[in-house]
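Working notes, structure below.
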Amino acid sequence: MIGSRPAGVLTLSLLGAGARVAVGVLWLIEGILKYRAGFGAADIELVAQSTEGNPRVPWFFEPLASFMGMAPGVFGVVMPALEVALGVLLVAGFLTRIAAFLSIGTLMLYWSADQLIAQYPAMVVLSAVVLLLTVSGRFGMDGWLRARRREATEAIEATEATAATSGLWEA
Numbered sequence: 039m040i041g042s043r044p045a046g047v048l049t050l051s052l053l054g055a056g057a058r059v060a061v062g063v064l065w066l067i068e069g070i071l072k073y074r075a076g077f078g079a080a081d082i083e084l085v086a087q088s089t090e091g092n093p094r095v096p097w098f099f100e101p102l103a104s105f106m107g108m109a110p111g112v113f114g115v116v117m118p119a120l121e122v123a124l125g126v127l128l129v130a131g132f133l134t135r136i137a138a139f140l141s142i143g144t145l146m147l148y149w150s151a152d153q154l155i156a157q158y159p160a161m162v163v164l165s166a167v168v169l170l171l172t173v174s175g176r177f178g179m180d181g182w183l184r185a186r187r188r189e190a191t192e193a194i195e196a197t198e199a200t201a202a203t204s205g206l207w208e209a
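Read in order, the letters of the sequence shown correspond to residues 39 to 209 in our numbering.
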């Protein structure tokens, strides 16, 4: 049983990394396509207007739709930038769980606005896998930073132990 633990952690790490990179690439594609298509204020206004009186849009989305309608130019720039940023963070494995949480939130926001695109449910599932598997960032920047912190802590502890045994420090 003890020997299978590292293999299980490795398997979960690889599964999490695969889900993380897959959803990250999908976000990059979404954001880049929006930039290339000239996504902007008119698209945000269309989304805000399409939610008015739409029975598939939940009541809690109405205030956000109104807010989006007041600042369509800002949202027209921010949403593609958010999508690209989520993609970069997830592919790089940096702030992995935060990015996965924001990914789910953004997708639920789109879904609430009745803007469901075929890949969004798959992206929610992939993001949930990344969020639930705490080792999803192991093979990314998060894992690299964690290893650097561990090395630094061990070096400090070794220095303190050496200093304490040599009598340089008084307890």
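Glycine included, every Cβ here is placed at the ideal spot set by N, Cα and C. These numbers were taken from a predicted model, which means no experiment stands behind them.
Under 7 Å Cβ to Cβ from residue i, same chain only, skipping five residues before and after it: list those, please.
{"i": "GLU68", "result": "GLU121"}
{"i": "PRO118", "result": "GLY69, LYS72, TYR73, PHE77"}
{"i": "MET179", "result": "ALA130, GLY131, PHE132"}
{"i": "PHE99", "result": "THR89, SER150, ALA151"}
{"i": "LEU127", "result": "LEU133, ALA137"}
{"i": "VAL47", "result": "VAL173"}
Under three-state DSSP, which class holds residue i?
{"i": "VAL61", "result": "helix"}
{"i": "LEU50", "result": "helix"}
{"i": "SER204", "result": "coil"}
{"i": "GLY56", "result": "helix"}
{"i": "SER174", "result": "coil"}
{"i": "ARG94", "result": "coil"}
{"i": "ALA75", "result": "coil"}
If you drop the 5 nearest sequence neighbours on each side, which residues of the same chain put their C-beta closer than 8 Å to that of residue i?
{"i": "MET161", "result": "VAL61, LEU64, TRP65, SER141, LEU145"}
{"i": "TRP97", "result": "none"}
Mind checking residue i: buried by the 16 CB within 10 Å criterion, or exposed?
{"i": "THR49", "result": "exposed"}
{"i": "ARG186", "result": "exposed"}
{"i": "LEU183", "result": "exposed"}
{"i": "SER174", "result": "buried"}
{"i": "VAL43", "result": "The sequence given here has Arg at residue 43, not Val. Counting Cβ neighbours within 10 Å, ARG43 comes out exposed, since fewer than 16 surround it."}
{"i": "SER204", "result": "exposed"}
{"i": "SER104", "result": "exposed"}
{"i": "LEU164", "result": "buried"}
{"i": "LEU235", "result": "Past the edges of the chain, shown from 39 to 209, lies residue 235, and the structure says nothing about it."}
{"i": "ALA193", "result": "exposed"}
{"i": "ARG94", "result": "exposed"}
Please name the residue in the options whose C-alpha comes closest to that of residue i.
{"i": "ILE82", "options": "ILE136, ASP180, THR200, GLY107", "result": "GLY107"}
{"i": "VAL116", "options": "ASN92, GLY143, ALA79", "result": "ALA79"}
If you follow the alpha helix (DSSP H) that residue i is part of, which residue opens it and which one closes it?
{"i": "TRP149", "result": "134 to 150"}
{"i": "GLN153", "result": "It is not in any alpha helix (DSSP H) - GLN153 carries neither H nor E in the DSSP assignment."}
{"i": "GLU90", "result": "Run containing GLU90: none; DSSP gives neither H nor E here."}
{"i": "PRO118", "result": "110 to 130"}
Within its chain, find whatever has a CB closer than 6 Å to the CB of residue i; leave out the 5 residues flanking it on each side and keep chain order.
{"i": "MET39", "result": "Reliability fails at MET39, whose pLDDT of 44 lies under 50, so the model's placement of it is uncertain and no value is given."}
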